[in-house]
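Engineer:
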Amino acid sequence: MSSGIRRRSVLTAAALGSAAGSLALSAPASAQAAEVARATEPATSGGSSGGGGLPGEDGYELWLRYRKVDDAGRLKQYRTALSSLVWEGGGPVQRSAVDELARGLSGLLARRVTPRGRATGAAALVVGTPHSSPLVRALVPAKALAGLGDEGYVIRRVTDRGRPRTVIAANADRGVLYGAFHLLRLVQTARPLERVDVTERPAAPLRAADHWDNDDGSIERGYAGRSFFDWDRLPRLDERYTDYARALASIGVNGAVINNVNTTAAYLAEPFLTKLAALAGVLRRYGVALYVTANFAAPIDIGGLTTADPLDAGVREWWKKKAAEIYGRIEGFGGFLVKANSEGRPGPLDYGRTHADGANLLAGAVKPYGGIVMWRSFVHDTDANWDRQAYADFTPLDGKFADNAVVQIKNGPIDFQVREPAHPLFGSLPRTNSMIELQVTQEYTGHSTHLCYLVPQWKEVLDFDTLKPDAGSTVAQVVTGRSYPYTHCGFAGVMNFGDARNWTGSHLAAANTHGYGRLSWNPGLSADELADEWTRMTFGNDAQVVTTVSALLLGSWRTYEDYTSPLGTGYLTHPPDGSVTGHFEPSPTTTTQFHKSDRNGVGYDRTLATGDGYTGVYAPATRDMYESLADCPEELLLFLHHVPYTHQLASGSTVIQHIYDTHFSGAARVADMRDAWDALRRRVDHRRLADVHGQLERQAAEAAKWRDTLVAYWFELSRIRDERRGWLQAVVAPADTVLLGGELNELPVQVVNATGSGLRTDISLDVPAGWRSEPATAYVDPAGDATVELTVVPPRTPSLTTIHALPRSGSVQALDASLRSFAKTVVVPPAARCLYALDAGTSSSPVLKGYTRLSPDSAWTEGAGFGWVGGRPEATDTGLFDVVRRDYVRSAAPTVLRLTLPAGPATAHLLTGDPNTFNRPLIVRADGKELARTPQLDGREFAWLPVPLDGGPSGRSVDLELSTLPAKTWHLTACVVLADTP
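For the sequence shown, my numbering gives the first residue as 2, with consecutive numbering after it.
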């Protein structure tokens, strides 16, 4: 791709309409020159290089790398067939196709290729539609294009008066574009063209990229930096938007939803409409329609109405006018995506209406313009009915949705878990348009740290036979409109793109993006084919590279599953939050409502006979298979059944032994993956070699956390020893605790012995420099435990520190990576040492001993020493963490906390954070000056903010204004003020 330097272009939206063609025309010359230079540059150029002299690459080009073909024979054939590019004209989308061919072939052939208006020489590549090109019309009979629609195409080798021609032909410009990318893909992957004869059309009409990006630049479930949609600079355009559109088109994606499903209504009004129009203009040149997530309460939030009731005449009129306004501003606007009555979002159920009523309200508004509404079925009021609620809510509404509304269904009934069955709604809505929602970003599958290639998982779902209406009705058949006569159907993928230079945060994560798009075009493609194709396009055609990287991709899902979620257990990560840290680390003790582990067994009973009845929503044959403990697929055993730890699997192993074995072997395979990757030195450029090596090193460390945490958890519950291994494990409880600085604190540590012998065990704490801690010794019975009190004295200064309990007994292995052996501590000074020791929270929350409550009721009064002046904050008690961090005061408005200070300098230490979700910066001002601010914090992160103060020669009152970013909320958890000492 082109340079993609962030926020570089200054083209305005006002110029977009007249410049659309010139934008496309201006790119090729520089792009071609860059590709030729890149293809022919000396091996020592291009930044850092590996042992083989390969130029360093940063991953920005994704799979659209157009390097010189390295097979001399193939290169000669390609140069003969493709050096002459014939294009007789067409619209802006065809122009994009020709530009891409010129760019790509210039690099691949290492010679400049430019389009010309007529064929000369012995061979040529001819591109166009029968309407735009007489030559195409003459070379490709009309019947060859019959039935291909506007997006299908043919690529074939023909003879024109004895001269060979390679032709890309389609009925419409978008088909030409997709055909161009297909031809380039063939060259990139070194396929022969002598007898090429390809006829393709997409399996489904809707193939959307869903972005969960927010207007402040953050991305919900984003692991590749911040959003590359820069709303502060739009409608000024960035080169990266064009490269984004190219990437989508190259894999067949034809729609982009650019804002979060948890959205504000602001996107439906100015200034966003002007910004959206500019962005849509770029996407449109690559056949990509722009969609927006609509907030159902928009008539209230931005329309001035008092209701959003879908049956209210005023609401219907508002949406009608709003749709007219949007379509008048944004050419080719696709329509709306809606998340309603789910996780606190507004929706039609707020007014006693149905999801169909809500969808039809918006569908009616966009129908005159050819727009559609994608209505998400992801609804769950409680954890207990999560698996069945979407089925219960939507099946009674079958046939009641408008013909331009589509129900968007997640691949499984819970939430993008590493393993869950296909969603029972697939096949259950014969009269309601349906599409599948897949998650490309790895929310529950390791973020961008763990390699987890999800195409094999998606293939299992797509190939699942719903048996509705009859055998052979796979999920793929349903969502492509082959099982039922849907007018709209297809795919939505929650994207993993951000502003990271390589787009996805790790080089290998882009394989999921590529795989999603290609499957949405053709769900019949195999995971093996797609892994091979992506590897060749991204790293080249070296046989060892292709074999190694393909194997890494194809084995990674099962490896991740082995060391995280055995036998379909699912949902073992921290509870939901909107931060980038959510759903990453293991947390079995806080998610027992999903895996139902107890001292006797593990698994969620979802049977009709003894459980919640979930199995009954499937077709009878599937229901019976899932219901039967003997017939249930073992990979879903613990998703559907609660079984004793000693339940025997088909392998002869017990469930608990399988848990032990897979967690140890899965974590060990990550080291093997790293070694296999490292063996590609001299075959992969040094920069990407080092980047991926670093990722796999981090994955190995995280896999050890999962292994040790879960193995320790299930041994502690079951007390059934591993037949092959023995170990010691430590548990610090509570794991989140308050320590008094400068004082002797006692920390209870439980040591568990998972061996067959009694052990004399030494237990110590790994603490930072400047801390003091004394070890202890205990005798621990086989399969038993003992608790010791370890003493620790932290420094007096407020701090946040993680300390680690380390049990040792000779050569016995210790599960040191278990998260339960760590304690996240907050160090606070004793109240007696403070000028003020304020524990912020609600009026009824517990308060740290010796500290004073700071609640919304703490208004300033003379003589009080501290209090709120003017507006007061609100308060929240989460009940999580320790007595200090569990609660806080908060406000979206600047709020003043007045403190009366004695003479002399002092420092206020303000603690901010949130036990659940990310926390905006806390900004502190006094006397009109900003004194300090924190960075934005992820969920469960806290920070102490020191603020210098001065009481002057005789003491005075200081007003601290607490605030944050506009329209956001600040948090204050504690405030301690210490006199500065010389």
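Cβ coordinates follow ideal geometry from the N, Cα and C atoms, glycine included.
Return yes when the Cβ of S551 is within less than 7 Å of the Cβ of D533, no when it is not.
Structural biologist: As a first step, residue 533 is located in the sequence shown; it is residue number 532 there, counting from the start. As a first step, residue 551 is located in the sequence shown; it is residue number 550 there, counting from the start. Taking 7 Å as the Cβ cut-off, D533 and S551 qualify as a contacting pair.
Engineer: Check for me: the beta strand (DSSP E) holding R854 runs from which residue to which?
Structural biologist: Mapped onto the sequence shown, residue 854 falls at position 853. Element bounds for R854: 853 to 855.
Engineer: May I ask you to report which of helix, strand or coil DSSP gives L238?
Structural biologist: Counting from 1 along the sequence shown, the entry for residue 238 is found at position 237. Note: L238 maps to coil in three-state DSSP.
Engineer: Output the distance between the C-alpha atoms of A975 and D840, rounded to the nearest integer angstrom.
Structural biologist: In the sequence shown, counting from the first residue as 1, residue 975 sits at position 974. In the sequence shown, counting from the first residue as 1, residue 840 sits at position 839. Going from the Cα of A975 to the Cα of D840 covers about 5 Å.
Engineer: Nearest-angstrom Cα distance between V978 and V828?
Structural biologist: By 1-based counting over the sequence shown, the position of residue 978 is 977. By 1-based counting over the sequence shown, the position of residue 828 is 827. Taking the straight line joining both Cα atoms gives about 14 Å.
Engineer: Leaving out five residues before and five after L729 in sequence, what residues of the same chain have Cβ atoms less than 8 Å from its Cβ?
Structural biologist: Here residue 729 corresponds to residue number 728 of the sequence shown, with the count starting at 1. Within the same chain, Cβ atoms closer than 8 Å to the Cβ of L729 are found at V752, V753, N754, A755, T756, L760, T762, V781, P808, R809, S810, V813, Q814, A815, L816, the five residues on either side in sequence being excluded.
Engineer: At the level of alpha carbons, what is the spacing between L350 and T308?
Structural biologist: The count along the sequence shown starts at 1 and reaches residue 350 at position 349. The count along the sequence shown starts at 1 and reaches residue 308 at position 307. Rounded to whole angstroms, L350 to T308 spans 13 Å at the Cα level.
Engineer: I'd like to check one pair, G872 with T853: are the Cβ atoms closer than 7 Å?
Structural biologist: Position 852 of the sequence shown, counted from the start, is the residue given in the question as residue 853. Position 871 of the sequence shown, counted from the start, is the residue given in the question as residue 872. Cβ atoms of T853 and G872: not closer than 7 Å.
Engineer: Please classify G329: is it buried, with 16 or more other beta-carbons within 10 angstroms of its beta-carbon, or exposed?
Structural biologist: In the sequence shown, the residue the question calls residue 329 occupies position 328. It counts as exposed.
Engineer: Kindly list the residues whose CB is nearer than 7 Å to the CB of R138, restricted to its own chain and excluding five residues on each side of it in sequence; keep chain order.
Structural biologist: The sequence position of residue 138 within the sequence shown is 137, counting from 1. The residues are P131.
Engineer: Are there three or more Cβ pairs, one per stretch, closer than 8 Å when the region 367 to 379 is compared with the region 321 to 328?
Structural biologist: yes
Engineer: Considering only the beta carbon of each residue, do Y561 and C453 sit closer than 7 Å?
Structural biologist: As a first step, residue 561 is located in the sequence shown; it is residue number 560 there, counting from the start. As a first step, residue 453 is located in the sequence shown; it is residue number 452 there, counting from the start. Yes. Within cutoff.
Engineer: For E790, which of helix, strand or coil comes out of DSSP?
Structural biologist: Residue mapping note: residue 790 aligns to position 789 of the sequence shown, counting from 1. Strand.
Engineer: Can you look up A290 in the DSSP assignment and give me helix, strand or coil?
Structural biologist: Taking the sequence shown and counting its residues from 1, the one referred to as residue 290 is at position 289. Correct three-state label for A290: strand.
Engineer: State the start and end residues of the unbroken alpha helix (DSSP H) segment that holds V476.
Structural biologist: Walking along the sequence shown from the start, residue 476 turns up at place 475. Its alpha helix (DSSP H) spans residues 476 to 480.
Engineer: I need the boundaries of the beta strand (DSSP E) containing G329, first residue and last residue.
Structural biologist: Sequence index remark: in the sequence shown, residue 329 carries index 328 (1-based). Not the beta strand (DSSP E): G329 falls in the alpha helix (DSSP H), residues 314 to 330.
Engineer: Could you tell me how far apart the beta carbons of R377 and Q409 are, in whole angstroms, since I believe they sit closer than 8 Å?
Structural biologist: In the sequence shown, counting from the first residue as 1, residue 377 sits at position 376. In the sequence shown, counting from the first residue as 1, residue 409 sits at position 408. Rounded, the Cβ-Cβ distance is 5 Å, consistent with contact.
Engineer: Between R164, T294, G74, which has its C-alpha nearest V188's C-alpha?
Structural biologist: Residue 188 sits at position 187 when you count from the first residue of the sequence shown. When only C-alpha atoms are compared, the closest one is G74.
Engineer: Quick one: what's M375 bridged to in DSSP?
Structural biologist: Your numbering for residue 375 matches position 374 in the sequence shown. Under DSSP, M375 takes part in a beta bridge, and its partners are L338, V407.
Engineer: Tell me the DSSP secondary structure of G305 in three-state form.
Structural biologist: Sequence index remark: in the sequence shown, residue 305 carries index 304 (1-based). Of the three classes helix, strand and coil, the one that applies to G305 here is coil, per DSSP.
Engineer: If contacts are defined as beta-carbon pairs under 8 Å, then F943 and L801 qualify, I think. What distance do you get, rounded to the angstrom?
Structural biologist: Start at 1 with the first residue of the sequence shown, and residue 943 comes out as number 942. Start at 1 with the first residue of the sequence shown, and residue 801 comes out as number 800. Confirmed, about 6 Å.
Engineer: Could you tell me the distance, in whole angstroms, from the CA atom of T383 to the CA atom of S343?
Structural biologist: Indexing the sequence shown from 1 puts residue 383 at position 382. Indexing the sequence shown from 1 puts residue 343 at position 342. For T383 and S343, the distance between alpha carbons rounds to 10 Å.
Engineer: Report the three-state DSSP secondary structure of L946 (helix, strand or coil).
Structural biologist: What you label residue 946 is simply residue 945 of the sequence shown in a count that begins at 1. It is a strand residue.
Engineer: Is the region 645 to 654 touching the region 682 to 695, taking contact as three or more C-beta pairs under 8 Å?
Structural biologist: Judged by Cβ distances under 8 Å, the region 645 to 654 makes no contact with the region 682 to 695, as fewer than three pairs qualify.
Engineer: So the beta strand (DSSP E) K850 belongs to, where does it begin and stop?
Structural biologist: Counted from its first residue, the sequence shown places residue 850 at position 849. Neither: K850 is in no beta strand (DSSP E) and is coded neither H nor E.
Engineer: Indicate whether the contact test is met: 3 or more Cβ pairs, each with one atom in the region 189 to 196 and one in the region 171 to 181, closer than 8 Å.
Structural biologist: no
Engineer: Could you pull the DSSP bridge partners for M436 from this structure?
Structural biologist: Residue numbering aside, residue 436 sits at position 435 when the sequence shown is read from its first letter. Paired residues: Q409, G491.
Engineer: By Cβ distance below 6 Å, which residues in the same chain neighbour A246 in space, the five residues on each side in sequence not counted?
Structural biologist: Taking the sequence shown and counting its residues from 1, the one referred to as residue 246 is at position 245. Excluding sequence neighbours, A246 sits near V283, L284, Y287, V289.
Engineer: G372 and G336: beta carbons closer than 7 Å?
Structural biologist: On the sequence shown, position 371 is the one that residue 372 refers to. On the sequence shown, position 335 is the one that residue 336 refers to. Yes, they are a contact pair.
Engineer: By Cβ distance, which residues of its chain are closer than 7 Å to C633, with the 5 residues on each side in sequence left out?
Structural biologist: If you number the sequence shown from 1, residue 633 lands on position 632. Answer for C633: M626, Y627, L641, H642, listed in chain order.
Engineer: Taking the alpha-carbon of L520 as reference, which of P206, N542, D231, G91 has the nearest alpha-carbon?
Structural biologist: Start at 1 with the first residue of the sequence shown, and residue 520 comes out as number 519. Nearest C-alpha to L520: P206.
Engineer: Tell me whether the beta-carbon of G617 lies closer than 7 Å to the beta-carbon of R607.
Structural biologist: Position 616 of the sequence shown, counting from 1, holds the residue named residue 617. Position 606 of the sequence shown, counting from 1, holds the residue named residue 607. Taking 7 Å as the Cβ cut-off, G617 and R607 do not qualify as a contacting pair.
Engineer: In the DSSP assignment, what are the bridge partners of K930?
Structural biologist: If you number the sequence shown from 1, residue 930 lands on position 929. Answer is A927, bridged to K930.
Engineer: What ranges does the beta strand (DSSP E) occupy inside the region 752 to 820, keeping only unbroken runs of at least 3 residues that lie completely in it?
Structural biologist: 760 to 767, 773 to 775, 777 to 781, 786 to 794, 800 to 809
Engineer: Helix, strand or coil for P587 per DSSP?
Structural biologist: Locating residue 587 in the sequence shown gives position 586, where the first residue counts as 1. The answer is strand: DSSP assigns P587 an E or B state.
Engineer: Using a Cβ-Cβ cut-off of 8 Å (strictly less than) and excluding sequence neighbours within five positions of E89, which residues of its own chain qualify?
Structural biologist: Taking the first residue of the sequence shown as 1, we reach residue 89 at position 88. Counting only Cβ-Cβ distances below 8 Å, and skipping sequence neighbours, we find G118, R119, G129, S133, S134, P135, L136, V137.
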